[in-house]
Amino acid sequence: MIKSLRGMNDILSEDYERFTYFINLATDVAQKYGFHFIETPLLEETALFKRSVGESSDIVGKEMYQFTDKGDNDVCLRPEGTAGVVRAFVQQKLDRAGGTHRFFYHGSMFRYERPQKGRLRQFHQFGVESFGVASVYEDATMIMMVADILKACGIGYRLQLNSLGDQNCMPQYRDSLVAFIESVEDEICEDCKRRKATNPIRVLDCKNEKCQSLYTQAPKLINSLCEGCESDFTKLKSILDDNEIEYEIDTNLVRGLDYYSKTAFEFVSDNIGSQSAIAGGGRYDRLVEFLDGRATPAVGFAMGIERLMELIVMPEKKREGYYIGAMDAEAVDLVVKLTQSKRQSKKVSCDFKAKNLKNHLKGADKVNARFCCVIGSDELENSTIWIKDLQNKTEQTIALEDF
Ligand code: HAM
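Each residue of the sequence shown is one higher than the one before, counting from 200 in our numbering.
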């Protein structure tokens with residue numbers, strides 16, 4: 200038997216209901232915030248991710264589904280959504296148009312990670328990207344939007360917040376961090392030694408316990424922010440306070456993608472095990488320029504749909520629509536005809552086999568229909584139909600023309 204690849208799941212039945220429930224709900228919130236849908240390809244030039252997510256990141260360095268296509272192009276399946284949206288933004292010359300552009304998207308992302316609970320190789324994100332607003336109010340709006348989506352899903356969370364500085368304060372901080380790393384270099388893991396050379400701040404979110412305990416002594420970026428970053432971060436916190444969004448400052452929150460500056464945030468859940476990040480995002484004011492566009496401030500986030508599906512509180516399922524069945528083989532044609540006409544306005548299930556009433560009632564229950572409608576020989580003769588309202592537990596026989 201051929202099975203799906205490791206870390207790649209089918210989504211069907213109840214999971215699919217949860218999936219679409221979330222997408223509809225998040226879409227509704229995004230539209231209320233003035234965002235418009237964008238779809239970008241699953242496959243992009245590898246260079247796009249190298250230049251945005253960054254060659255030193257695990258995502259690009261270790262986890263890409265990368266191959267050469269039949270036209271000899273170096274391509275890969277997108278590991279995340281931001282880079283493609285920025286590429287589209289520049290390609291469509293929206294950077295030149297100026298003004299504000301706000302997009303949302305959802306779809307599959309691919310990362311060749313070690314699969315485990317909550318960590319897949321093909322997973323789905325719901326994300327938004329906002330272009331053209333430098334104000335920290337937009338950062339706060341992103342965070343409030345995630346909070347609104349999670350609230351609508353009945354999901355509790357902890358919000359972790361950090362500032363990664365900008366080109367004014369980050370280089371200086373990086374130098375002091377490198378000096379610190381060198382002072383403990385004999386004791387850190389091989390990955391961190393590599394990170395020191397490629398992207399030193401990534402050592403701060405190393406999962407190795409020994410490294411973590413050493414880095415508690417490391418200089419903190421938050422103490423080295425320049426005036427602009429410092430005042431934006433203070434303002435961000437005060438906007439969140441004003442809007443009653445609780446947060447924790449996590450000075451080690453650096454995010455696994457290289458394009459961020461200033462605001463970085465992650466929403467985590469304590470109820471889904473070790474893969475606890477349910478949403479992450481931040482500001483990326485330099486990325487449009489890195490991808491050959493005109494400098495444009497930008498901020499966004501993405502949510503991991505599979506992780507959220509574990510947590511979503513679904514509304515109570517109401518009985519809906521009709522189930523129509525025949526008790527007599529001669530009534531099947533009529534049942535099909537009635538089904539077809541009722542389907543123009545209602546959800547209708549139909550059984551093509553003649554069965555006894557008990558089995559039809561079971562069938563109606565299985566599809567969660569509100570009305571179980573049955574035609575037997577009596578009903579056929581009298582041009583009537585028997586209907587049971589499975590919610591109110593009432594039954595009646597009515598003329599077919601009234602059905
Ligand atoms: P990210 O933190 O890499 O950010 O991913 C966002 C979310 O996707 C995570 O918080 C997590 O819920 C989910 N996720 C990531 N990897 C996996 C996986 N292997 N299996 C299941 N779920 C996963 C980004 O991708 C950025 N593009 C977010 C962003 C948008 N920043 C600015 N704009």
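Idealized CB from N, CA, C, for every residue including glycine. None of these values were measured; they are calculated from a predicted model.
Query raised in the report: To the nearest angstrom, how far is it from the Cα of THR495 to the Cα of ASP484?
Result: Our two residues, THR495 and ASP484, have alpha carbons roughly 6 Å apart in a direct line.
Query raised in the report: Given a threshold of 16 other Cβ atoms within 10 Å of its Cβ, counted over all protein chains shown, does SER256 qualify as buried or as exposed?
Result: That one is buried.
**Report entry** First and last residue of the uninterrupted alpha helix (DSSP H) at PHE489
**Finding:** 486-489 is the span of the alpha helix (DSSP H), which, as asked, contains PHE489.
Report task. Give me whichever residues DSSP pairs with LEU242 in a beta bridge. Result -> When beta bridges are read from the DSSP output, LEU242 appears opposite LEU276.
Query raised in the report: Within 6 Å: the Cβ of ARG482 and any heavy atom of the ligand HAM?
Result: A distance criterion of 6 Å places the beta-carbon of ARG482 beyond contact range of the ligand HAM, judged by its closest non-hydrogen atom.
Query raised in the report: Just reading off the beta strand (DSSP E) that CYS571 is part of, what are its end residues?
Result: 570-574 is the span of the beta strand (DSSP E), which, as asked, contains CYS571.
Query raised in the report: Is MET526 helix, strand or coil when you go by DSSP?
Result: Secondary structure of MET526 (DSSP, three-state): coil.
Requested in this report: Decide if PHE500 is buried, meaning its Cβ has at least 16 other Cβ atoms within 10 Å, or exposed.
Outcome: Buried.
Query raised in the report: Which value, in whole angstroms, describes the spacing of the CA atoms of LEU241 and VAL535?
Result: Answer to the nearest angstrom: the Cα atoms are 41 Å apart.
Query raised in the report: Is ARG205 helix, strand or coil when you go by DSSP?
Result: Looking at ARG205 - three-state DSSP - the assignment turns out to be coil, as it is neither helix nor strand.
Report task. Tell me whether the beta-carbon of VAL259 lies closer than 7 Å to the beta-carbon of ASP347. Result -> Not in contact: VAL259 and ASP347 (Cβ atoms no closer than 7 Å).
Query raised in the report: Using CA coordinates, which residue listed in GLY355, CYS428, SER212 and SER475 is at the minimum distance from ILE511?
Result: Comparing Cα positions, the closest option is GLY355.
Query raised in the report: Looking at THR340 and the ligand HAM, is the gap between the Cβ and the nearest heavy atom below 6 Å?
Result: Taken from the Cβ of THR340, every heavy atom of the ligand HAM lies 6 Å or farther away.
Query raised in the report: Going by the C-beta, is PHE322 closer than 6 Å to any heavy atom of the ligand HAM?
Result: Taking non-hydrogen atoms of the ligand HAM into account, the C-beta of PHE322 is found less than 6 Å away from one of them.
Query raised in the report: Which same chain residues, not among the five before or five after ALA598, have their C-beta less than 6 Å away from its C-beta?
Result: For ALA598, the CB contacts under 6 Å within the same chain, skipping 5 residues up- and downstream, are THR583 in chain order.
Query - Limits of the unbroken beta strand (DSSP E) element including ASN361 - result: It spans 357-362 - the beta strand (DSSP E) in which ASN361 sits, taken as one unbroken run.
**Report entry** Distance between VAL274 and THR267 (C-alpha atoms, nearest Å)
**Finding:** Near 6 Å, if we compare the C-alpha coordinates of VAL274 and THR267.
Report task. Give the DSSP-derived three-state secondary structure of LYS461 in the structure shown. Result -> Residue state, collapsed to three classes: strand.
Report task. Take every Cβ of the stretch 318-328, pair it with every Cβ of the stretch 516-534, and state whether three or more of those distances are shorter than 8 Å. Result -> No, because fewer than three Cβ pairs between the stretch 318-328 and the stretch 516-534 fall closer than 8 Å, the two stretches do not touch.
Query - Cβ-Cβ distance between PHE570 and ASP588 below 7 Å - result: In contact: PHE570 and ASP588 (Cβ atoms closer than 7 Å).
Requested in this report: Report yes if the C-beta distance between GLN359 and LEU452 is below 7 Å; otherwise report no.
Outcome: Yes, Cβ-Cβ distance for GLN359 and LEU452 is below 7 Å.
Query raised in the report: Is ARG277 near the ligand HAM, in the sense that its beta carbon is under 6 Å from a heavy atom of that ligand?
Result: A distance criterion of 6 Å places the beta-carbon of ARG277 beyond contact range of the ligand HAM, judged by its closest non-hydrogen atom.
Report task. On a CA-only basis, which of THR415, LEU293, GLN539 and LYS350 is nearest PHE611? Give me that one, please. Result -> In this structure the chain extends from 200 to 602, so residue 611 is not present and cannot be described.
Query raised in the report: Quick one: Cα of GLN290 to Cα of ASP338, how far?
Result: Rounded to the nearest angstrom, the two C-alpha atoms are 25 Å apart.
Requested in this report: Quick one: residues in its chain with C-beta nearer than 8 Å to the C-beta of PHE489, no 5 flanking neighbours on either side, listed in chain order?
Outcome: Counting only Cβ-Cβ distances below 8 Å, and skipping sequence neighbours, we find ARG250, SER251 and TYR458.
Requested in this report: Work out the CA separation of SER212 and ASN390 for me, nearest whole Å.
Outcome: The sequence shown places Asp at residue 390, not Asn. Taking the straight line joining both Cα atoms gives about 42 Å.
Query - Close Cβ partners of PHE379 (< 8 Å) along its chain, the five nearest in sequence each way excluded - result: Within the same chain, PHE379 has close Cβ partners GLN416, ALA417 and PRO418.
Query raised in the report: Just checking my contact of THR219 with TYR304 at CB under 8 Å: how many whole Å lie between their CB atoms?
Result: 16 Å between Cβ atoms; not a contact.
Requested in this report: Compare the Cα-Cα distances from GLN590 to each of GLU580, ASP564 and LEU579 and report the closest residue.
Outcome: Out of GLU580, ASP564 and LEU579, ASP564 has the C-alpha closest to the C-alpha of GLN590.
Query raised in the report: Between the Cα of ASN555 and the Cα atoms of LYS545, SER548 and ILE574, which residue gives the shortest distance?
Result: Taking ASN555 as reference, the option from LYS545, SER548 and ILE574 with the minimal CA-CA separation is ILE574.
Requested in this report: Could you tell me whether any non-hydrogen atom of the ligand HAM is closer than 6 Å to the CB of ALA478?
Outcome: Answer for ALA478: yes, Cβ within range of the ligand HAM.
Requested in this report: Examine the ligand HAM and report whether any of its heavy atoms sits within less than 6 Å of the Cβ of GLU505.
Outcome: Yes, the beta carbon of GLU505 sits closer than 6 Å to at least one heavy atom of the ligand HAM.
Report task. Can you grab the Cα-Cα spacing for the pair ASP404 / ALA396, in whole Å? Result -> Between the alpha carbons of ASP404 and ALA396 lies a distance of about 16 Å.
Report task. Please report the residue range of the alpha helix (DSSP H) in which SER423 lies. Result -> Boundaries for SER423: no alpha helix (DSSP H) harbours it, and the DSSP string shows neither H nor E there.
Query - Run of the beta strand (DSSP E) containing CYS549, from where it starts to where it stops - result: Secondary structure note for CYS549: its beta strand (DSSP E) is the uninterrupted segment 547-553.
Requested in this report: Please indicate yes or no: does the CB of GLU312 lie closer than 6 Å to some heavy atom of the ligand HAM?
Outcome: Answer for GLU312: yes, Cβ within range of the ligand HAM.
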